[in-house]
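J.:
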Ligand code: ZN
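Residue numbers (this note's numbering): 1 to 176.
1) Taking 6 Å as the limit between beta carbons, can you name the residues of its chain near residue 102, skipping five residues before and five after?
2) Could you tell me if the beta carbon of residue 97 falls within a distance shorter than 7 Å of some heavy atom in the ligand ZN?
3) Output the residue ranges of the alpha helix (DSSP H) runs that lie fully inside the stretch 95-127 and measure 4 residues or longer, sorted by chain position.
4) Taking 8 Å as the cut-off, decide whether the C-beta atoms of residue 24 and residue 148 are in contact.
5) Could you tell me which of 12, 50, 162 and 122 sits nearest to residue 22, measuring between CA atoms?
6) Find out if the Cβ-Cβ distance for the pair residue 91, residue 38 is shorter than 8 Å.
7) Nearest to residue 71 by alpha carbon, out of 119, 108, 171 and 164?
8) Considering Cα atoms alone, identify which of 31, 48 and 100 is closest to residue 133.
9) What's the gap between the Cα of residue 95 and the Cα of residue 120?
10) Give the DSSP-derived three-state secondary structure of residue 33 in the structure shown.
11) Taking DSSP's pairing of strands, which residues face residue 89 in a bridge?
12) Between the C-alpha atoms of residue 126 and residue 118, what's the straight-line distance to the nearest angstrom?
13) Using a threshold of 7 Å, is the CB atom of residue 37 nearer than that to any non-hydrogen atom of the ligand ZN?
14) Between residue 65 and the ligand ZN, is the CB less than 7 Å from at least one heavy atom?
15) Identify the residues that DSSP records as bridge partners of residue 57: which are they?
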């Protein structure tokens, strides 16, 4: 019994890494587009139903977070809003909007990579997905491929800071 349990846990860890790698591929696509590099995958019955990444800047849409996109795509594909049995993988801890959407769509489990200490709404700043006042709670696994998920974010913001510095250097002196 115990061995079976440990084996199942082991399988789940392997699966979690496998799917998080796919979420990281999505994050890289966002990076290449100049979007904050966050990627997500939605898995239902061991099958990837939807993949997506942050598109806020290009779509000019405040709600175009990776999680919202894959939830929407999955609802469309499965033809229902209730996503019981699904697991959402995302490279960064979801914000309050996305954590709310996880609850609203009745997703069973969320797996994320790196923590968002500024606006995370799974565990760090708020705990929306486990809040007892809501009628659905989401199981949480944190820290899967945390280094890779954090690195791509750090690299994105480092490059953006450097680009800003370069722009400053290039700009003409203002007349006083
Ligand atoms: Zn979000």
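Backbone N, C-alpha and C fix where the C-beta goes; we use that ideal spot for every residue, glycine too.
T.: This is what the structure gives:
1) Excluding residues up to 5 positions away in sequence, 110, 129 and 138 lie with their Cβ nearer than 6 Å to the Cβ of residue 102 in the same chain.
2) With a cut-off of 7 Å, the C-beta of residue 97 is classified as near the ligand ZN, since at least one heavy atom of the ligand falls inside that distance.
3) Entirely contained in the stretch 95-127, the alpha helix (DSSP H) runs reaching 4 residues are, in chain order, 96-104.
4) Yes.
5) By alpha-carbon distance to residue 22, the top candidate from 12, 50, 162 and 122 is 50.
6) It is a contact, given that the beta carbons lie within the stated cut-off.
7) Residue nearest to residue 71 within the set 119, 108, 171 and 164 is 108 (criterion: CA-CA distance).
8) The shortest C-alpha separation from residue 133 is found at 100.
9) Going by the C-alpha atoms only, they are around 5 Å apart.
10) DSSP places residue 33 in coil when its eight states are reduced to three.
11) 41 and 111, per the DSSP bridge assignment.
12) Looking at the two C-alpha atoms, the distance is approximately 10 Å.
13) No, since every heavy atom of the ligand ZN falls outside the 7 Å radius drawn around the Cβ of residue 37.
14) At least one heavy atom of the ligand ZN is nearer than 7 Å to the Cβ of residue 65, so yes.
15) Answer by DSSP bridge pairing: none, since residue 57 is not bridged.
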